[in-house]
Amino acid sequence: MNSDVQIAGDPLAVPHLLPPVPAHPDTVAGFVGLARTIAADRAAWAPLVRYDATTRWYHRLRTGPGYEVWLLSWLPGQGSGRHDHGRSSGVLTVLQGELTEHGTAGPRALTAGTQKVFAPGYVHEVVNDSLTPAVSLHVYFPGLTEMPMHDAPHCSTAARETTGA
Numbered sequence: 001m002n003s004d005v006q007i008a009g010d011p012l013a014v015p016h017l018l019p020p021v022p023a024h025p026d027t028v029a030g031f032v033g034l035a036r037t038i039a040a041d042r043a044a045w046a047p048l049v050r051y052d053a054t055t056r057w058y059h060r061l062r063t064g065p066g067y068e069v070w071l072l073s074w075l076p077g078q079g080s081g082r083h084d085h086g087r088s089s090g091v092l093t094v095l096q097g098e099l100t101e102h103g104t105a106g107p108r109a110l111t112a113g114t115q116k117v118f119a120p121g122y123v124h125e126v127v128n129d130s131l132t133p134a135v136s137l138h139v140y141f142p143g144l145t146e147m148p149m150h151d152a153p154h155c156s157t158a159a160r161e162t163t164g165a
């Protein structure tokens, strides 16, 4: 009896028969580009968005070698709490609405299309201070394994002096 390899030949010996190896980002610029590409494809992410009045809604949109992509929704008043992302770096992209990031440099408005890149250990809090819902995309590399919470909301100067952050 003949095997598939005997009949068709070894597919590894004929590279043109193999599907192309997907390109995966391996630099910060690559992950920023990935986030932009996903953000531009509104038809792919918009139907997935849900809103939850009790907590932020989130959905893992994609995973790849060494990264993951999350879609989050924020109703007015919802926030993340002051946190960092452990050993993960990230790219936060606001897809719709407006969010406020509270970091050690003070509050910063993040409007639709804004991207924020951060390194491991970066402490911040993200809040929807507006009157309309917001949607954001988060790319973490490596994939998010922890999100330690920190005291002192809004990363105020007093909080930094008290906690030594």
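Residues 1 to 165 in this note's numbering are what the sequence shown lists, from first letter to last. Note that CB positions come from ideal geometry on N, CA and C, so glycine has one too.
Item                                                                                      : Value
Length-filtered (4 minimum) alpha helix (DSSP H) runs lying within the region 19-49       : 28-40 and 42-45
Beta-carbon proximity check, serine 89 vs leucine 144, cutoff 7 Å                         : no
Nearest-angstrom Cβ-Cβ length linking proline 25 and serine 73, presumed shorter than 8 Å : That pair is no contact at about 25 Å.
Rounded C-alpha distance that separates valine 135 from threonine 55                      : 13 Å
Given 8 Å, three or more beta-carbon pairs between the region 35-50 and the region 93-102 : yes
Limits of the beta strand (DSSP E) - the one that glutamate 146 falls within              : Note, glutamate 146: premise wrong, no beta strand (DSSP E); not H, not E.
Distance, methionine 147 Cα to histidine 59 Cα                                            : 16 Å
Beta-carbon spacing of valine 91, glutamine 115 below 7 Å                                 : yes
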